[in-house]
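So the structure is just underneath, and the comments pick up after that.
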Amino acid sequence: MTGTTTAARSAHPARAFIDTNLRGAGQVMFMNNPITGALILLAVVWGAIAARMPQVAIGAVVGLIAGTLTAMALRVDTASLRQGLYGFSPLLTGAAVPTFLDNTPLMWTYLIIGAATTTVVTLALTTVFNTWRVPALTFPFVLTSWFLMLAAYQFRKVSISSLAQPMLPKPVSGDRLDMSAADLATSMLKGVAQVFLIDNWVSGLIILVALAVNSRWAAALAAVGTIVATLLAAGLGADATSVTAGLYGFSAVLTAVALGCVFYHPTWPVLLYALLGTVFTVFVQAALNTALAPIGIPSFTAPFVFATWLFLLPKRDLTPIPHHRHIDDGVIAGTHPKA
Amino acid sequence: MTGTTTAARSAHPARAFIDTNLRGAGQVMFMNNPITGALILLAVVWGAIAARMPQVAIGAVVGLIAGTLTAMALRVDTASLRQGLYGFSPLLTGAAVPTFLDNTPLMWTYLIIGAATTTVVTLALTTVFNTWRVPALTFPFVLTSWFLMLAAYQFRKVSISSLAQPMLPKPVSGDRLDMSAADLATSMLKGVAQVFLIDNWVSGLIILVALAVNSRWAAALAAVGTIVATLLAAGLGADATSVTAGLYGFSAVLTAVALGCVFYHPTWPVLLYALLGTVFTVFVQAALNTALAPIGIPSFTAPFVFATWLFLLPKRDLTPIPHHRHIDDGVIAGTHPKA
Amino acid sequence: MTGTTTAARSAHPARAFIDTNLRGAGQVMFMNNPITGALILLAVVWGAIAARMPQVAIGAVVGLIAGTLTAMALRVDTASLRQGLYGFSPLLTGAAVPTFLDNTPLMWTYLIIGAATTTVVTLALTTVFNTWRVPALTFPFVLTSWFLMLAAYQFRKVSISSLAQPMLPKPVSGDRLDMSAADLATSMLKGVAQVFLIDNWVSGLIILVALAVNSRWAAALAAVGTIVATLLAAGLGADATSVTAGLYGFSAVLTAVALGCVFYHPTWPVLLYALLGTVFTVFVQAALNTALAPIGIPSFTAPFVFATWLFLLPKRDLTPIPHHRHIDDGVIAGTHPKA
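Order-wise, the sequence lines are chains A, B and C.
Position 18, counted from 1, in the first sequence is what the UniProt record's numbering calls 18; the numbers after and before it change by one each time, with no gaps.
Position 266, counted from 1, in the second sequence is what the UniProt record's numbering calls 266; the numbers after and before it change by one each time, with no gaps.
Position 244, counted from 1, in the third sequence is what the UniProt record's numbering calls 244; the numbers after and before it change by one each time, with no gaps.
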């Protein structure tokens, strides 16, 4: 059966290319599964259209394809490519650029150069982090998109639509957050969707289903991640607008899934460790909100990346699993390309 | 005799735990010696009470214990644990949190999560820096505490008591510093105490004694470090308030001891090299004061860490000594946990 | 012949010392050639005198010599030393300090300590980056000079002459850039000279000649680099003052040469890859202009360093050449000192 599939893939390069890209979409959430990827793209399209920002969905797809094509041009190893490991960061760059910059022809050129560069940066950071056998995660997207956003301030023809105005940080003040249970649930689902810069709870729900298709553990941990992060941020008195938009949730979702079932087996000690990592992700999220305020760029998924690196590097004996092995009820493959 | 001691330790886990934690206090200054550690804790208690901030001393002890317990839960290697190498960074996190945040029950939860995370970060950074066989030094404390301080700006219920207000840097102006010899000596002693965020010259004196108990070289180099740094900062026209509070001294103290007698043998070339490193630490201190001004956080011991890394990494033939060997008149052990 | 030369060098330490330093000047542009170095120094002298800032040229030479002497004192490997690999970063530190700080006796002390430290930092960063077999490039200069500039804000007696005032970034606005072909050509030549912080088109021309003496590929790529960067920055609507002063050109020049003919052989795929790297360098330049605005320091050659690292680390099969091999019509040696 596997043999047949492989043969079929070889025989149909177009089908293989589509499969590769769908897996790329799934790999944003560590899922090496084209159906998960397709559902995730559906969630992005839904959210983008609902927000009257179709360019965000188009950008995500264009970024994904540009990144994958760049990887092919650079002759990366085929196994990693086919698992979608060169698609997920460019997809996010492609979603970020039209979210924050005006929809002009020049923006699309900027996006494509950015997505191609994201693939180069993926290869570069993979070389660096392989030294300690941890993956580069979504940091190629974060780093490249930080450069692209910061640079936009200096180019009159690349105009900014919605970056926060640079300002000195102030301690948060203002009203207590007063949310109903329904509001809370909506915020938590938005937290899942915000992984893809989508502010829509239906999209969040679709993404949870997409995860469950491949791994029930991943879906459960994503849900726990956004619940913990949203309650914690609300409980500590974080800015109400950010909490309700799910902006404290998305990095925590990724940390919970990564630490809880992707890079370790989900045992009780691991789950406790992943919980500490998820709590710390919320602190890092808040910290980056402060640190980046003077330069007017969002933290993207950096809180997830920093917290997950710090919790993966200790390599404690919490029954880690090799990245290339399958776990659970799904086929969660490793997320770091082979060198 | 060693055998008996080891047996005694095994027989009395409570005593071993206390010994471990006292060594942890000593290791902030690279001293693997429980008496040094006890005297250092005395200095911290003295300074905290004198400043009517007992929570700083309590926080230091709580952080030390929480960090050590976390290390035990993560089953780190026993030899490093028993040398106190998992205690010193959480101790500093525990002193920093109540120094800058209001004394509320929530602050204590924040502190304990912070101290536990500091241990995880110690393991992570040790993995990274072992690549070049240099220790992580106090950077786990610095990094974790930066996150905690920056995050506090975003949480209404974690209120800030004394962080500097974020502002754009300006060239220092104002009056010439006019200090008597006695003022200078006081400032220099405060420089030693500020390693532990303590603004008290008596505490500085106690810490010098604590060092001398274990290593006369360490005590002498600490004294030279604070003298050089204070005179240099005053001579270059640094802000008078910072100089008199010893804020230019503490990182220089650590660099002088680290380069002068901990990681190298104190020969003349080494002492000259350590002097250049100490001078550079003062520049890095001033640089970070500027760079961190817009985000309102202190540099902590980062100037020591950055300067010492840069001066250790060249691994010149200045008679370096292996970290696990004893030197001098004391038992200065290496400060980087075994991977 | 080579044997005779070597013998001659051994016999005349003063001549060898001068040769070493001239190669150091050449290595800023990756040229292991004393004539190239001499012409570059001529260009710096010309530009400094034209700007009535002779201290910049004197500083460059003093920094070069101080850095080389420090390397000799630290007994670095002779082969790397003789290729000038310990001279180029201190030379740049020596040019930067009098460009931005007032010309006082204290400034010269500051410069010499800075240049000596740059050599220590060169050794440190070489140790780190050897892990991935990429060179430290000019980052020792960048890092040390960032510290020196930031520190100057805190020292009343080290007064700043021309650093940009710290401010929050704003999107660039203002008039369209309206340049004649002659203006454009002048700006592009200034872009080459700005590698050495020189704002003079004649100096740029001399440097192109200096490159051609050693490698026609390097000269051609430097020209292409500044043309692409200047046109791109102007086309995207960057600040007119920066574009005309060549400030978008200098890092791109270095990236184009480094990726196009120093670390890879100049084949078509390599040239395309180098072009993407050069474009990305312009984005990083703009990004750092934004990110560094609140702390009032220039980006120096950091855009070149970051972009070149990211494009070297992937180590794609684009016919890379070993750093110690000669290429092309010249003798372009590797730029990373042997560990």
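Backbone N, C-alpha and C fix where the C-beta goes; we use that ideal spot for every residue, glycine too.
The model shown is predicted, which means the values in this text are computed figures rather than measured ones.
- Burial check for W201(A): the Cβ neighbour count within 10 Å reaches 16 or more, so the residue is buried.
- Taking 9 angstroms as the cut-off, the beta carbon of G67(B) is found closer than this to the beta carbon of G87(B).
- Excluding its 5 nearest sequence neighbours in each direction, A222(B) has C-beta neighbours in its own chain below 7 angstroms: V192, L208, L211, V253, A256 and V257, listed in chain order.
- Under DSSP, L101(B) forms a beta bridge with I160(B).
- For L272(B), the number of other beta carbons within 10 angstroms of its own is below 16, and it is reported as exposed.
- Contact annotation for G296(C) against chain B: P169 [CB-CB distance below 7 angstroms, chain order].
- L106(A) and S159(A) have their alpha carbons spaced roughly 10 angstroms apart.
- Judged by beta-carbon spacing, P169(A) lies within the 9 angstroms limit of T290(A), meaning their Cβ atoms are closer than that value.
- Taking 9 angstroms as the cut-off, the beta carbon of A218(A) is found closer than this to the beta carbon of F30(A).
- Of all residues in the segment 109 to 128 of chain B, the ones placed with a Cβ closer than 7 angstroms to any Cβ belonging to chain A are I113, A116, T117, V120, V121, L123, A124, T127 and V128, in chain order.
- Where K190(A) is concerned, the enclosing alpha helix (DSSP H) starts and stops at A181 to A193.
- Neighbours of I160(A) across chain C, judged by C-beta separation under 7 angstroms: P171.
- Listed in chain order, the non-local C-beta contacts of R52(A) below 7 angstroms within the same chain number zero, local neighbours out to five positions each way being set aside.
- Between the segment 177 to 187 of chain A and the segment 301 to 315 of chain A there are fewer than three C-beta pairs closer than 8 angstroms, too few to call the two in contact.
- Cα atoms of A73(B) and F300(B): separation of roughly 28 angstroms, rounded to the nearest angstrom.
- Contact of T131(A) with chain C by beta-carbon distance below 8 angstroms involves T131 and W132.
- The C-beta separation of T93(A) from G114(A) comes to about 5 angstroms, placing the pair in contact by the 8 angstroms criterion.
- DSSP places I198(C) outside both helix and strand once states are collapsed to three, so it counts as coil.
- Burial check for Q194(C): the Cβ neighbour count within 10 Å reaches 16 or more, so the residue is buried.
- Neighbours of F280(B) across chain C, judged by C-beta separation under 7 angstroms: T117.
- At the C-beta level, P90(C) and T122(C) come within 9 angstroms of one another.
- Below the 8 angstroms Cβ cutoff, chain B contributes G235, L236 and G237 as neighbours of K157(C), in chain order.
- Interface annotation, T290(B): in contact with chain C, CB-CB separation under 9 angstroms.
- Between S242(A) and R156(B), the C-beta spacing is not below 9 angstroms.
- Residue-level contact check: F196(A) does not touch chain B, since none of the beta carbons of chain B fall below 9 angstroms from its beta carbon.
- Between W146(C) and chain B, the shortest Cβ-Cβ separation is below 9 angstroms.
- When Cβ-Cβ separations below 9 angstroms define contact, A256(C) makes no contact with chain A.
- By the CB criterion at 9 angstroms, A96(C) and S162(C) fall outside the cutoff.
- For the C-beta of Q285(A), not a single chain C residue is nearer than 9 angstroms; the gap to the nearest is close to 20 angstroms.
- In terms of Cα proximity to V62(B), the closest of G24(B), A50(B), G260(B) and S180(B) is G24(B).
- Distance from the CA of A50(C) to the CA of G249(C), rounded to the nearest whole angstrom, comes to 20 angstroms.
- When secondary structure is reduced to three states using DSSP, Q285(C) falls in the helix class.
- Of the residues I295(A), K315(A), V224(A) and A245(A), the one whose Cα lies closest to the Cα of V279(A) is V224(A).
- Listed along chain A is no residue with a C-beta nearer than 9 angstroms to that of Q55(B); the closest approach is about 20 angstroms.
- Secondary structure note for G24(C): its alpha helix (DSSP H) is the uninterrupted segment P13 to Q27.
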